[in-house]
Every structure is written in structure tokens, then in C-alpha cells.
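Asks: Protein sequence lines, in the order shown, are assigned to chains A and B.
Quick note: the first sequence uses the working numbering, first residue 13, plus one each step.
Quick note: the second sequence uses the working numbering, first residue 13, plus one each step.
2 protein chains.
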Amino acid sequence: MAVYTDVSAEDMADFLREYDLGDLLSYKGIAEGVENSNFLVHTTRGHYILTLYEKRVAPEDLPFFLALMEHLAARGLTCPQPVKNRSGALLGFVAGRPAAMVTFLDGMWIRRPSAAHCGAVGAALARLHLAGADFAMKRRNALSVDGWRPLYVTSAAGADSVQPGLRETIEREVTMLEGAWPTGLPQGVIHADLFPDNVFFLGDRLSGLIDFYFACTDTLAYDVAICLNAWCFEPDHAYNVTKGRALLQGYMSARPLSLEERACLPLLARGAALRFLLTRLVDWLNVPPGALVRPKDPLEYLRKLRFHRAVGGVRDYGVDA
Amino acid sequence: MAVYTDVSAEDMADFLREYDLGDLLSYKGIAEGVENSNFLVHTTRGHYILTLYEKRVAPEDLPFFLALMEHLAARGLTCPQPVKNRSGALLGFVAGRPAAMVTFLDGMWIRRPSAAHCGAVGAALARLHLAGADFAMKRRNALSVDGWRPLYVTSAAGADSVQPGLRETIEREVTMLEGAWPTGLPQGVIHADLFPDNVFFLGDRLSGLIDFYFACTDTLAYDVAICLNAWCFEPDHAYNVTKGRALLQGYMSARPLSLEERACLPLLARGAALRFLLTRLVDWLNVPPGALVRPKDPLEYLRKLRFHRAVGGVRDYGVDA
Numbered sequence: 013m014a015v016y017t018d019v020s021a022e023d024m025a026d027f028l029r030e031y032d033l034g035d036l037l038s039y040k041g042i043a044e045g046v047e048n049s050n051f052l053v054h055t056t057r058g059h060y061i062l063t064l065y066e067k068r069v070a071p072e073d074l075p076f077f078l079a080l081m082e083h084l085a086a087r088g089l090t091c092p093q094p095v096k097n098r099s100g101a102l103l104g105f106v107a108g109r110p111a112a113m114v115t116f117l118d119g120m121w122i123r124r125p126s127a128a129h130c131g132a133v134g135a136a137l138a139r140l141h142l143a144g145a146d147f148a149m150k151r152r153n154a155l156s157v158d159g160w161r162p163l164y165v166t167s168a169a170g171a172d173s174v175q176p177g178l179r180e181t182i183e184r185e186v187t188m189l190e191g192a193w194p195t196g197l198p199q200g201v202i203h204a205d206l207f208p209d210n211v212f213f214l215g216d217r218l219s220g221l222i223d224f225y226f227a228c229t230d231t232l233a234y235d236v237a238i239c240l241n242a243w244c245f246e247p248d249h250a251y252n253v254t255k256g257r258a259l260l261q262g263y264m265s266a267r268p269l270s271l272e273e274r275a276c277l278p279l280l281a282r283g284a285a286l287r288f289l290l291t292r293l294v295d296w297l298n299v300p301p302g303a304l305v306r307p308k309d310p311l312e313y314l315r316k317l318r319f320h321r322a323v324g325g326v327r328d329y330g331v332d333a
Numbered sequence: 013m014a015v016y017t018d019v020s021a022e023d024m025a026d027f028l029r030e031y032d033l034g035d036l037l038s039y040k041g042i043a044e045g046v047e048n049s050n051f052l053v054h055t056t057r058g059h060y061i062l063t064l065y066e067k068r069v070a071p072e073d074l075p076f077f078l079a080l081m082e083h084l085a086a087r088g089l090t091c092p093q094p095v096k097n098r099s100g101a102l103l104g105f106v107a108g109r110p111a112a113m114v115t116f117l118d119g120m121w122i123r124r125p126s127a128a129h130c131g132a133v134g135a136a137l138a139r140l141h142l143a144g145a146d147f148a149m150k151r152r153n154a155l156s157v158d159g160w161r162p163l164y165v166t167s168a169a170g171a172d173s174v175q176p177g178l179r180e181t182i183e184r185e186v187t188m189l190e191g192a193w194p195t196g197l198p199q200g201v202i203h204a205d206l207f208p209d210n211v212f213f214l215g216d217r218l219s220g221l222i223d224f225y226f227a228c229t230d231t232l233a234y235d236v237a238i239c240l241n242a243w244c245f246e247p248d249h250a251y252n253v254t255k256g257r258a259l260l261q262g263y264m265s266a267r268p269l270s271l272e273e274r275a276c277l278p279l280l281a282r283g284a285a286l287r288f289l290l291t292r293l294v295d296w297l298n299v300p301p302g303a304l305v306r307p308k309d310p311l312e313y314l315r316k317l318r319f320h321r322a323v324g325g326v327r328d329y330g331v332d333a
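#1: Strictly below 8 angstroms CB to CB, what residues from chain B border A:A21?
#2: Using DSSP with H/G/I as helix, E/B as strand and the rest coil, what is A:Y60?
#3: May I have the straight-line CA-CA distance separating B:D23 from A:H83, to the nearest angstrom?
#4: Checking 8 angstroms against the spacing of the C-beta atoms, do B:L117 and B:G34 come in under that value?
#5: Listing by chain order, which chain A residues have their CB less than 7 angstroms from the CB of B:S38?
#6: What would DSSP say about B:I42, mapped onto helix, strand or coil?
#7: Taking the beta carbon of A:F319 as the centre, do at least 16 other beta carbons fall within 10 Å, making it buried, or is it exposed?
#8: Would you verify that the beta carbon of A:H129 is, or is not, closer than 8 angstroms to some beta carbon of chain B?
#9: Using beta carbons (cut-off 8 angstroms, strictly below), is B:L52 in contact with chain A?
#10: Would you call the region 287-297 of chain A and the region 306-316 of chain A in contact, with 3 or more CB pairs under 8 angstroms?
#11: Can you tell me whether B:K255 is buried or exposed? The criterion is at least 16 other CB atoms within 10 Å of its CB, across all chains shown.
#12: Are three or more beta carbon pairs between the region 128-148 of chain A and the region 260-279 of chain A nearer than 8 angstroms?
#13: Going by DSSP, name the residue or residues bridged to A:V53.
#14: Taking only three categories from DSSP, how would you classify A:M13?
#15: Pick helix, strand or coil for A:D118, following the three-state DSSP scheme.
#16: Given that a residue counts as buried once 16 or more other Cβ atoms are within 10 Å of its Cβ, and exposed if not, what is B:V157?
#17: Counting only C-beta atoms, is A:A43 closer than 8 angstroms to chain B at any point?
#18: Going by C-alpha distance, which of A:T181, A:R184 and A:T229 is nearest A:G200?
#19: I'd like to know whether the C-beta atoms of B:L214 and B:G119 end up nearer to each other than 8 angstroms.
#20: Taking just the CA atoms, how far does B:L232 sit from A:R217?
#21: Where B:A258 and B:R123 are concerned, what is the direct C-alpha to C-alpha distance, given to the nearest angstrom?
#22: Tell me whether B:D332, by its Cβ, gets closer than 7 angstroms to a heavy atom of the ligand GTP.
#23: In angstroms, rounded to a whole number, what distance separates the CA positions of B:G50 and A:W193?
#24: Can you tell me where the beta strand (DSSP E) holding A:T229 begins and where it ends?
#25: Buried or exposed for B:M149, going by 16 or more other Cβ atoms inside 10 Å?
#26: Residues in its own chain within less than 6 angstroms of A:A242 by CB, not counting five upstream and five downstream?
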């Protein structure tokens with residue numbers, strides 16, 4: 013976690029002048045976000061987050077992300093709300109980077125989530141899916157099943173250096189999932205990266221969702237499957253069925269899952285584990301010299317993948333078939 | 013600049029309970045400080061900075077630093093004010109590290125300081141020296157003339173790999189300065205690291221001084237010499253006499269420099285340049301694997317050192333002899 017781009021006080025003050033947010037009082041680069049540079053900005057009007065979009069975010073995707081946050085916030089979801097500048101634009105430029113100001117959300121992310129936290133996340137994810145139902149823009153998920161073979165090809169040569177046999181395991185998974193991936197399930201806006209560091213709590217109360225920079229149009233139940241991977245495993249990589257049940261019941265309290273969605277959940281969870289195994293593996297094998305970010309362990313997701321391969325059915329996740 | 017230690021929401025809330033600062037609303041690791049981990053903490057009572065002291069700060073020095081900030085703030089200097097916990101202590105522990113809460117200061121540090129900024133810094137430095145006059149505690153400056161030979165010895169073997177001849181240049185400087193270093197000048201509390209990133213401004217108004225973790229008891233005019241090095245050179249390493257004059261006149265408006273102090277300034281500035289050349293060189297030659305901080309260029313200070321060696325007298329800094 014790092015700040016990739018330094019912003020001078022002069023440049024920050026110039027940028028702020030395009031907004032109706034009062035005078036600049038302070039700003040601090042914050043050590044959050046692996047992809048972008050974030051600054052906590054204090055003005056005479058309040059606190060805001062300024063995000064500078066770095067190379068890994070495609071500029072053509074930014075209108076989708078910003079319009080989505082605006083759409084969801086307007087429907088009562090607590091997420092960062094993009095602030096329009098005096099010209100009515102959500103997107104500006106600072107230090108040569110596309111940049112956006114959003115409202116600041118209080119709350120902390122939880123390093124060791126409980127079943128209660130998982131239940132709250134499930135419910136919030138369902139509310140996000142419902143609030144996104146009438147969002148008009150579309151964005152293809154580049155990291156869904158069609159994107160996995162290219163990632164496999166990129167990482168194949170180095171995979172066995174991380175763990176012997178990993179290349180073959182991944183190749184077989186990609187091939188199987190390409191053939192079996194469900195296509196007829198309900199689609200819509202998904203967050204696609206709702207990990208614990210993207211969910212804020214005040215006590216047990218969920219106070220906000222952040223980081224919509226992987227959001228896209230995809231199978232809603234796949235988003236649930238990502239959350240099962242992200243929230244319901246213990247540090248020793250064992251699945252915690254109590255947390256899984258809480259997350260799924262929380263979700264279904266706001267948006268019931270159909271029989272088909274539930275039946276597909278083990279396969280979707282397997283795909284989600286493969287997706288994070290692949291992107292982590294690519295990052296692991298491509299640490300640039302002088303990198304400011306330590307890559308995350310890809311093998312965590314190999315262990316989760318093994319769990320999903322071994323389950324007998326959706327009951328093993330803590331919900332009825 | 014990095015956050016070295018992660019603090020969980022649970023640990024942060026536990027720590028906050030020792031203080032009368034209300035409930036925790038949010039905290040963010042901030043990308044400031046090369047030596048310590050800093051968090052911007054928002055509670056129902058306001059905004060604070062929590063600093064976790066990492067390995068490079070000696071725990072036995074912390075009472076000096078914290079008492080000094082309290083002393084200076086009580087005398088009207090705008091610097092972070094340590095917050096006492098319910099037991100009346102300034103120092104606590106978070107995540108296994110000594111830690112202190114201080115008040116948050118608005119303001120921005122200036123990447124391209126003007127002569128007006130330099131003048132304000134000079135005046136603030138003098139006010140710091142005056143406010144520190146009745147501070148009872150003492151701390152030896154480990155990075156003054158006695159500390160330079162050990163740093164030279166540590167870096168000697170690698171010095172010529174940075175620039176041919178550097179080893180011999182440094183050895184000669186250390187020897188000369190050990191013989192000529194002035195000992196009879198007025199002493200007191202010095203900041204010892206008043207670089208632009210440690211001085212906050214709101215417009216042209218200086219709004220605060222931060223980072224007292226090199227503060228110590230030493231020659232006051234040496235602190236002025238450090239500031240000349242830190243503030244009055246251009247990006248091409250040329251000395252800007254207009255900025256130097258502004259800084260020195262700002263200082264002398266609050267605390268006049270004696271004839272002796274002025275006469276010694278070129279030598280003190282030469283020593284200050286050597287001090288930063290040496291510590292940067294040691295850091296440059298000892299980048300740990302996986303380092304989160306890129307070392308600063310030591311040769312910037314070799315160029316400044318050359319300027320100080322070539323000056324004819326204190327007039328070259330922009331002040332009468």
C-alpha cells in the first residue's frame with residue numbers, strides 16, 4: 013500500500029479551486045489502495061478523499077466507476093459519493109493523472125471479521141445488487157472466465173517455481189471452468205472485490221463500502237462467491253461454515269438466491285478462487301524492481317480452491333440446496 | 013514513506029479506551045515519516061495523529077521528545093501537542109510498539125519554498141530556540157561532530173562506489189571539522205531536522221512545526237546552518253542568496269546572531285552538509301531487501317558541501333559579518 017504520485021501543495025490548491033469545497037487546510041497521502049494514490053483532504057467544508065488513478069486503471073473505465081458510485085449513493089447505499097467540480101464534471105486531473113474527489117466515510121475495516129460482520133456484508137452486497145439493477149451503464153468483467161486463460165498463459169512458465177504442479181492444476185481448472193461456467197444466472201452490477209479492506213464498520217454496524225474499481229456487469233451470484241472466499245476462511249485457510257451461513261443468510265434476507273444460483277455456488281466459488289490465484293500469481297511473478305507493494309501470497313487461493321473442489325454441494329457452504 | 017506496522021481496528025479501539033478522546037470513528041495510515049508509522053485518527057472529539065515508534069527511535073529518548081513538544085506548545089509554538097492518557101502518561105503501546113497521540117495540525121508542506129517561506133521558517137526556528145531556553149531535559153546530539161567519524165567508518169568501504177574519490181573527501185572533511193568545530197557558541201534545544209516536509213504553511217503563513225524526533229541539545233547556530241542547507245538551495249543545487257538572506261533575517265528578527273555565531277556559520281553549514289551526506293550515504297549503501305523507502309541521494313549534499321567550502325565568509329549567505 014503506497015502513494016505512487018506526490019502532489020505539491022500548489023497543485024493541490026489549484027485543483028481544489030475547480031471545486032466548491034472551500035479552502036484547502038491540509039492533505040495527507042494515505043497508505044491504502046494497491047492500485048491508486050489516495051489523499052485525505054481537509055478543506056473549510058469538510059473531509060474528502062482524492063484518488064489519483066494510476067496506470068493499472070483504464071481511463072475509459074473511470075466514467076463507469078464514478079457514475080456507479082453516484083448512482084448507488086443516490087439510492088441510499090453508503091459508499092463514497094463523487095463530488096462534481098464547478099463545470100459539473102466528476103473527473104479532473106492532478107499531477108498528470110486522472111483524479112476524482114469523493115466524500116469521506118467514517119469506519120474501520122476489520123482484520124478478523126466475526127460471523128456478525130459476515131452477515132452484515134452479505135446484506136450490504138445484496139442491497140448493492142438491488143440498487144444497481146437500474147444502472148444503465150455496462151462494463152465487461154475482464155477478470156471473469158474469459159480472462160483466466162490469458163492469465164494462465166502469462167504465468168504458466170513461472171507457476172511451478174511457486175509450487176511444483178501448480179501449472180498443471182491451473183490449466184485443468186481453467187479448462188474445466190470454461191466448459192462448465194454458468195451463463196443463464198441473473199446478471200447486474202457486481203462489486204467484484206468486496207474484501208474486508210473495502211468494507212467499513214463502526215462496531216458491528218456496517219458503515220460503508222469502498223473501492224469500486226473492479227465493479228462490472230456480471231453474474232450476481234459470482235459476487236457472493238467472491239465474498240465467501242474473501243470473508244469466510246480462517247487464517248489457517250479452513251472454511252468457517254458459521255461465517256458462510258451468516259453471509260449467505262444476510263444476502264438472502266435482502267435478495268433471495270434462486271435454486272439455480274444456489275446450485276451453481278460451488279462452481280462459482282471455485283472460479284472466484286481461481287481468479288484470485290491467477291492475478292496474485294501474475295503479480296507474484298512480476299514484482300518490479302523497487303516495488304513499493306509486497307505481492308500477496310497466491311497459494312492462499314490454491315488452498316481455497318482445493319476446498320471448493322472437495323465440497324459435496326451448496327450445503328457445505330452453510331445454506332440449503 | 014510508509015506505514016511499517018499495521019494496526020487492527022480492535023487494537024486501535026482498545027488503545028483509544030485509555031484516552032479521554034471519545035469513540036473511534038476512523039483511522040488511516042498516512043504516507044509520512046521515514047522513521048515511524050503514523051495514523052490519522054478521527055474520534056468523536058476530533059482529529060489526532062498516532063505515531064508508532066519503530067526500531068530507529070530509541071525508546072529511552074521518547075520522554076525527551078514528548079516533553080519537549082508539550083513544553084513548546086505550552087509556550088505558544090504551534091507544534092503537535094502530546095495527549096495524556098487517563099493515567100496521565102504521554103506514552104503508550106500499540107501493536108507491540110511505543111506509541112503517542114498528538115493533536116492534528118492543519119497546513120501543507122511546501123515543495124518549492126519561496127523567500128517568504130524561508131523568512132517565516134527562520135523566525136519560527138528562532139522562536140523555537142527561545143521557547144526551548146527553559147526546557148530542563150537534555151539530549152546529546154548523536155549526529156553532531158563526534159558522530160561523523162563512526163558514520164564515515166561505516167560507509168568508507170562503499171563510498172567510492174557512489175562517486176570516485178568520495179571516501180577521501182569525507183575523511184578530510186571529518187578530520188578538518190573535528191579540529192575546527194566551535195564549542196563556545198550558545199547552546200540549547202535544537203530541532204536538528206527542520207526540512208520543508210517538517211514545516212506546515214497555510215498560504216504564506218507558517219502554521220506549524222512537526223517531527224521533533226531528532227531534537228537535542230546542541231549549538232543553536234548549527235540548527236540555523238541545517239536550515240540553510242535544507243531550504244536555500246535550488247533544485248540544481250545552487251545556493252539562493254535571496255532565500256538565505258530571508259531565512260537569516262527572519263531568524264535574527266526574533267533572536268539576533270552574535271558576531272561569533274555569524275563568523276562560524278560557514279563552518280557550521282559545512283558540518284551540516286557533511287552530516288546529511290553521511291547519513292544519506294549510510295542509508296544508500298544499506299538498503300534492506302524489500303525496503304519500502306527509497307533512499308535519498310547523498311550526492312546532493314556533496315554539492316552543497318562544495319558550496320560551503322568555497323564561500324569567502326558569512327556575507328556569501330546573505331547576512332553581514
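A virtual CB, placed ideally from N, CA and C, is assigned to each residue, including glycine.
All values reported here derive from a predicted model rather than from experimental measurement.
Replies: Considering the structure as presented:
#1: M120, W121, I122, R123 and F213
#2: strand
#3: 35 angstroms
#4: no
#5: D118, G119 and M120
#6: strand
#7: buried
#8: no
#9: yes
#10: yes
#11: buried
#12: yes
#13: A:Y39 and A:Y60
#14: Interpretation of A:M13 is limited by its pLDDT of 44, a score under 50 that renders its predicted location unreliable; the figure taken from the coordinates is listed afterwards. Three-state result, A:M13: coil.
#15: coil
#16: buried
#17: yes
#18: A:T229
#19: yes
#20: 53 angstroms
#21: 17 angstroms
#22: Ligands are entirely absent from the displayed structure, and the ligand GTP is therefore not among its contents.
#23: First, the residue type needs correcting, since residue 50 of chain B is Asn and not Gly in the sequence shown. Taking the straight line from one Cα to the other gives about 46 angstroms.
#24: C228 to T231
#25: exposed
#26: F207
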